[in-house]
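Accompanying notes for the structure given below.
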Amino acid sequence: MKTKLSPRFWCALTLFSLIGQVAWVVENMYLNVFIYNMFRATASDISTMVAASAISAALTTILIGALSDRVGKRKLFMCAGYILWGISILGFCFIRVDQSNAGSWLTISSSAVAISLVIIFDCVMTFFGSSANDAAFNAWLTESTDNTNRGSAEGINAMMPLIAILVVFGGVQFSGLDLALAQSWVWIFAIIGVVVIAIGVLGIFLIKDPVKCVKSETGYWQNVIYSFRPSTVKGNKSLYFYLAAFILFNISIQIFMPYLIIYYEKSLGMTDYVFIMAPAIILASVATALWGKVYDKKGFDFSGFIALASLMTGYVLLYFFKGTILVFIGSLFMMCGYLCGMAVFGAKIRDLTPDSKAGMLQGARICAQVLIPGVVGPEIGKRVLANAEKVLNNDGTESFLPNENIFLAALVVAAVLTILLVLLRPKKTPRTQDLTTPFEDAAKGDEWAKEYPRPQMKRDSYFSLCGAWNLSVEKKGVVTPISEIVVPFSPETRLSGVCRTLEAGEQYVYEKTFSLTENFTKERVLLHFGAVDQIAEVWLNDTYLGKHVGGYLPFTFDVTNAARAGENRLRVRVTDKLDIQLAYGKQRKKRGGMWYTPISGIWQPVWLEGVPEHYISSLYVTPTLSSVTVETLGGNAQKTLTLHLPEGDKVYTYEGNRIEIEIENPILWSPETPHLYTFTLADGKDQIDSYFALRTIESKMVAGKPRLCLNGKPYFFHGLLDQGYFSDGIYTPATPEGYRYDISKMKELGFHMLRKHIKIEPDVFYYECDKQGMIVFQDMMNSGHYSFIFDTALPTAGWRWGFFHTVSRRRRADFEDGSRAVIDLLYNHPSVCYYTIFNEGWGQYFGASRVYDQLKACDSTRIFDTASGWFKTPRSDVQSEHIYFRRVKLKSRKLPLVLSEFGGYSCKIEGHSFNLDQNYGYSTLESPEAFSDALEKLYSDEIVPSIREGGLCATVLTQVSDVEDETNGLVTYDRRVCKVTPERMQALAQRLNDAFESQF
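Just so you know, we're using the working numbering here: the sequence shown kicks off at 2 and counts up by one.
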């Protein structure tokens, strides 16, 4: 679980960070302007001052950081340091050039002496500032946070330099101070000095020493040199790699930063540069605060490279363009990259810093952030500006004008950093382990063959083709045998006996020989495939049957003319390129995080059935609360429907393809009473067994609020996200018992709804949901490109409008045809009540409302969620929200309110986790007890109020089980450990229901 930080912490962080950065802005940016305007400083003077300050800061941080660790105090050094820091800033009020008052204290007549004196005072000020801020404050921040909240805290901390710039820029601009006048500088130093002193005094009452801060038992000088020892570097290789990268990042910044204001004001002539920079600073600050959340979710590799890309884009624009608008855009990109980079580098370095060594390692950090960049960066800038244009001042002296070459030099360094990060960053392949399930342990090998694959149209002539097949690989026309494979398990799984991933340019070739009796082939023979990922071409006895495209839906061939009594040979060639124009679910070649191991080939049952010449090909059952309509396709004779009731069978004989039956004393289907009516339907020689349930689902206004109603009454849908992955067979559990376990276990825990997430299951899953009373919210199979930035990062940060993917005619047709096929496939299942069309913008394209209208016309008896999470469209049955990184506080508007994803808390159970080194989730809990406590608090504090006050109708907690890296399930990936207790979860479910029922 994400550790909650107190308001007191956030207040202290904001004040100390902001005022500290205000003081640093005055030193790092305006002190350069001070000596430039007052004493006609050269680029060499500015470079010397920055370097001297950097050396002072580094030495101070190393010495004081070690002393702070030795003493075991952070508060003392922070508060005393800020007070002395403010006093030293006040000292600058007395340095000025004034010939008429030569006798005044520190009044001088030589600009050279004045510059030297400023540099000395700057070093003194830096000593106190670094003691308070760089050593003590940074160690306090590291020790006060952990890896669940550090990105967010670092985001706030990292945005403060730009806010400080805004504060100082704005203060100077709107106060009317003329920076060419000495008196203006007296006011600036006086105000900043007093404010810094005040913050130091306030900290005495506000700051608390972190619990992690303990007195070091090692000697002082051991602490001082600790971060520079070869053994320390060797033991923390990743930390020092990122410190080295941080050096290059900051060198890039320090090449131009000392000259930035001078460049804007003098070189570009932007006297009102504050009005140009303020919007850029504000936007960059907001982006930086939000970018910490991106780091928390995606880590450095993603967030760091995006920050560098933004930084370099800004450099390019600032190098090539001088106009106000493009300078603003370039400054925005540059500042976003700068601050976001500071945030993610800072968070990464803090994550890699041992808590007990935070102070001792601040020396290495300050060398990376300040010392080396502060010496090298300005030196590069000085050399770049060696031949800069000179202008004549009114007093006869000359001043240099910084030019755009500083941005070109900064770009080169940033590009080198990016290349080195790509090539050299530590790459550790996480260790994984095979996890067996109880279903695998109990399997006898024929469970899938025994399980009738289509319970809603059951015939006696079932002939299973599950079991052993021969598998070969075909590449460039050459077929190479591999081994036997057990169907219906994909070749990537251990249960298949193959454990092999399909490589580029390869196709799998399945072959099976089987025998049929004379009776089986007498009239017509149908060959059924549950699902084959992604494209299947099929031959029987060398007769080409056809091709099926799409990895999630069943397909059938009439093989009457190809099948024969005796031996038959079936051949299936599979192509799976993970073509994103087709549905591909959460499969990815490079699995990790929320993306899972890809599968290919046959992953659902294959079977044959013998049917009469004229047979029922399809069955559609539409219930009301007191009747059922049965419609069929195929067959040509009089039909007889026998309804099996406890009091005896009722027989209905009718002509045509449709019959409506009134049910006496109807028993309605619900999670509490999942009653199924069974019936037999005969048409000539054909006979099928099936079932139906009496159930309705609709949206309507009740007590002034929009509600989802089950069987005409408001109903709260308490559910879970269900990925449908298993550690034994990935897409396919070792036996159908895997599905039964998940459904029954979640029912036992008080849940009565599963959101089947971007996967279509075998029919046996939905049959078990029908029997056990588990409602299904079914996702459509989204295709198309997934963009983390546009589909996740920006929407999570709050931008939830306007991003849609381009769509080819082929993808649009495949998605819409596939969605209609899903509706057709699941139409008869009473458990399926709700369809999600697009999830979090993935693959969503313009015209989503049109898709809603099309699908609603196919099935008006279900609820349709057009855009689950974000990118809302005008046409939808519900208002669907996803909330992971903020407090759940919702209120319904015109549509029923569904929280279709939330939670995602991570709890890794040792010995039962697939990834031994990493885990993925949105907050981390260390034990099942803490996990249960966090869930209870989440439901009690956020969900219950949203039900009572906001009209919340349904919730979908992430998730049923762990999946590979994800450890946010209620049960482990191997289904051997349940992290929560039934009693506690049932009591929680009752509280939700009570809160819901109290409104009616």
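Positions of the beta carbon are idealized from the N, C-alpha and C atoms, including for glycine.
{"Query": "Assumed close pair L896, V957 - CB separation to whole angstroms, cut-off 8 angstroms", "Result": "Incorrect: roughly 16 angstroms between the Cβ atoms, too far for contact."}
{"Query": "Cβ neighbour criterion (16 or more within 10 Å) applied to N1003", "Result": "What the structure shows of the chain is the stretch from 2 to 1001, and residue 1003 is not part of that stretch, so it cannot be assessed."}
{"Query": "Distance cut-off 6 angstroms: D559 Cβ against heavy atoms of the ligand SAH", "Result": "As for the ligand SAH, it is missing from this structure, which has no ligand bound."}
{"Query": "Spatial neighbours of M335 in its chain, beta-carbon cut-off 7 angstroms, leaving aside the 5 residues before and after", "Result": "L312, G315, Y316 and L319"}
{"Query": "Check whether F517 and L541 have beta carbons under 7 angstroms apart", "Result": "Strictly speaking, residue 517 in this sequence is Leu, with Phe absent from that position. Contact flag unset, no."}
{"Query": "Status (buried if at least 16 other CB within 10 Å, exposed otherwise) for W186", "Result": "buried"}
{"Query": "Closest residue to L418 among N666, L207 and F242 (Cα-Cα distance)", "Result": "F242"}
{"Query": "Buried versus exposed, by CB contacts within 10 Å (16 or more), Q100", "Result": "Note that Q100 has pLDDT 38, beneath the 50 cutoff, so the model's placement of it is unreliable and the number below is only indicative. Answer is exposed; the Cβ neighbour count stays below 16."}
{"Query": "Three-state secondary structure (DSSP) of N471", "Result": "strand"}
{"Query": "Alpha helix (DSSP H) segment containing W604, residue limits", "Result": "It is not in any alpha helix (DSSP H) - W604 carries neither H nor E in the DSSP assignment."}
{"Query": "Within 7 angstroms, strictly: CB atoms of G531 and P763", "Result": "yes"}
{"Query": "For A564, the nearest candidate out of L527, K590 and K591 (CA to CA)", "Result": "L527"}
{"Query": "Among P492, K267, T654 and L646, the one whose alpha carbon lies nearest that of N666", "Result": "L646"}
{"Query": "Boundaries (first-last residue) of the alpha helix (DSSP H) holding L412", "Result": "N406 to L425"}
{"Query": "Reduced DSSP secondary structure (H/G/I, E/B, other) of P715", "Result": "strand"}
{"Query": "Whole-Å CB distance - F693 paired with N829, under 8 angstroms assumed", "Result": "7 angstroms"}
{"Query": "Segment contact flag, the segment 16-28 with the segment 321-341, C-beta cutoff 8 angstroms, min 3 pairs", "Result": "no"}
{"Query": "D771 - DSSP class collapsed to helix/strand/coil", "Result": "helix"}
{"Query": "Residue span of the beta strand (DSSP E) that contains D684, given as start and end", "Result": "Y678 to D684"}
{"Query": "Whole alpha helix (DSSP H) elements within the segment 729-765, 4-residue minimum", "Result": "738-749"}
{"Query": "Start and end residues, beta strand (DSSP E) containing G547", "Result": "T544 to V550"}
{"Query": "Helix, strand or coil at Q688 according to DSSP, with G and I counted as helix", "Result": "strand"}
{"Query": "Boundaries (first-last residue) of the alpha helix (DSSP H) holding E538", "Result": "It is not in any alpha helix (DSSP H) - E538 instead sits in the beta strand (DSSP E) that spans I536 to L541."}
{"Query": "Whole-number beta carbon distance between S628 and E661, since they are thought to touch under 8 angstroms", "Result": "6 angstroms"}
{"Query": "Stretch-stretch touch, CB-based, cutoff 8 angstroms, three pairs: the segment 629-639 with the segment 679-699", "Result": "yes"}
{"Query": "Environment of G201 [buried if 16+ CB atoms lie within 10 Å]", "Result": "buried"}
{"Query": "Span separating the alpha-carbon of M278 from that of V328", "Result": "9 angstroms"}
{"Query": "Nearest neighbour of T62, chosen from S54, S131, D123 and I47 [CA to CA]", "Result": "S131"}
{"Query": "Stretch pair the segment 152-167 + the segment 86-96: three plus CB contacts closer than 8 angstroms", "Result": "no"}
{"Query": "Start and end residues, alpha helix (DSSP H) containing V187", "Result": "A183 to L207"}
{"Query": "With 16 other Cβ atoms within 10 Å as the buried cut-off, status of S465", "Result": "buried"}
{"Query": "G503 to V575 span [Cα, whole Å]", "Result": "This sequence places Leu at residue 503; Gly is not what is there. Taking the straight line from one Cα to the other gives about 10 angstroms."}
{"Query": "Chain-order list of residues whose beta-carbon lies under 8 angstroms from that of T982 (same chain, five-residue window excluded)", "Result": "S933"}
{"Query": "Three-state class that DSSP yields for Y227 in the structure shown", "Result": "helix"}
{"Query": "Complete runs of the beta strand (DSSP E) confined to the segment 602-663 [at least 3 residues]", "Result": "607-612, 617-624, 628-635, 640-645, 651-655 and 659-663"}
{"Query": "Per DSSP, cross-strand counterpart(s) of I864", "Result": "Y835"}
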